[in-house]
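A short worksheet on the structure shown next.
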Amino acid sequence: MKKEIYGNSATVFLQGRIDINNSEELRDELNELAENGIKRIFIDMSALEYIDSSGLGRILYFFMNYKKKGGSMELHNVKNENVKKVIEIVRLDKIIPVKDYNVE
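Numbering (UniProt numbering), first residue to last: 1 to 104.
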């Protein structure tokens, strides 16, 4: 999992699969950013091929707590149709802003 930090913002780049086997790594990465004073987190999903309920749950749980503490988060560049469909089915896109910046 790659990340870029610029000022008080950061982008986390998700790749491949996020599932029960590695969703704790995502949680730890997000918590570390928050603990280090990052106020805006962008999760780039352009290279994400699959995410299961544990991955979505980690993102949602983190977002709800992070927002209460004044942080903001967006999901960016959801390219995979199956990932996009899952996000829409669970209505995560109604809770967390989803933006497409046409990154290839």
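Even glycine gets a Cβ: it sits at the ideal position worked out from N, Cα and C.
Grab the span of the alpha helix (DSSP H) containing residue i for me, first residue to last.
{"i": "Arg58", "result": "Ser53 to Lys68"}
{"i": "Ile89", "result": "Glu81 to Ile89"}
{"i": "Leu14", "result": "From DSSP, Leu14 is part of no alpha helix (DSSP H) but of the beta strand (DSSP E) over Ser9 to Ile18."}
{"i": "Leu26", "result": "Ser23 to Glu35"}
Going by the CB atoms, is the gap between residue j and residue i shorter than 8 Å?
{"i": "Ser9", "j": "Ile38", "result": "yes"}
{"i": "Tyr19", "j": "Tyr61", "result": "It is worth fixing the name first, because residue 19 is Asp in this sequence and not Tyr. Not in contact: Asp19 and Tyr61 (Cβ atoms no closer than 8 Å)."}
{"i": "Leu26", "j": "Ala47", "result": "no"}
{"i": "His76", "j": "Lys99", "result": "yes"}
{"i": "Glu73", "j": "Ile96", "result": "Just to set this straight, residue 73 is Met in the shown sequence, not Glu. It is a contact, given that the beta carbons lie within the stated cut-off."}
{"i": "residue 110", "j": "Met45", "result": "No statement about residue 110 is possible, as the shown extent of the chain runs from 1 to 104 and does not include it."}
{"i": "Ile59", "j": "Val12", "result": "no"}
Roughly how many angstroms separate the alpha carbons of residue i and residue j, rounded to a whole number?
{"i": "Asp52", "j": "Met1", "result": "17 Å"}
{"i": "Lys69", "j": "Asn36", "result": "13 Å"}
{"i": "Glu24", "j": "Asn31", "result": "10 Å"}
{"i": "Asn22", "j": "Ser54", "result": "9 Å"}
{"i": "Gly7", "j": "Gly71", "result": "14 Å"}
On the premise that residue j lies in contact with residue i, defined as a C-beta separation below 8 Å, what is that separation, rounded to the nearest angstrom?
{"i": "Glu29", "j": "Lys67", "result": "Rounded, the Cβ-Cβ distance is 18 Å, inconsistent with contact."}
{"i": "Leu33", "j": "Leu56", "result": "Going by Cβ atoms, the distance from Leu33 to Leu56 rounds to 19 Å, so no, they are not a contact pair."}
Considering only DSSP beta bridges, list what residue i is partnered with.
{"i": "Leu48", "result": "Gly16"}
{"i": "Ile43", "result": "Val12 and Leu75"}
I'd like the span of the beta strand (DSSP E) that includes residue i, first residue to last.
{"i": "Lys3", "result": "Lys2 to Tyr6"}
{"i": "Leu92", "result": "No beta strand (DSSP E) holds Leu92; DSSP gives it neither H nor E."}
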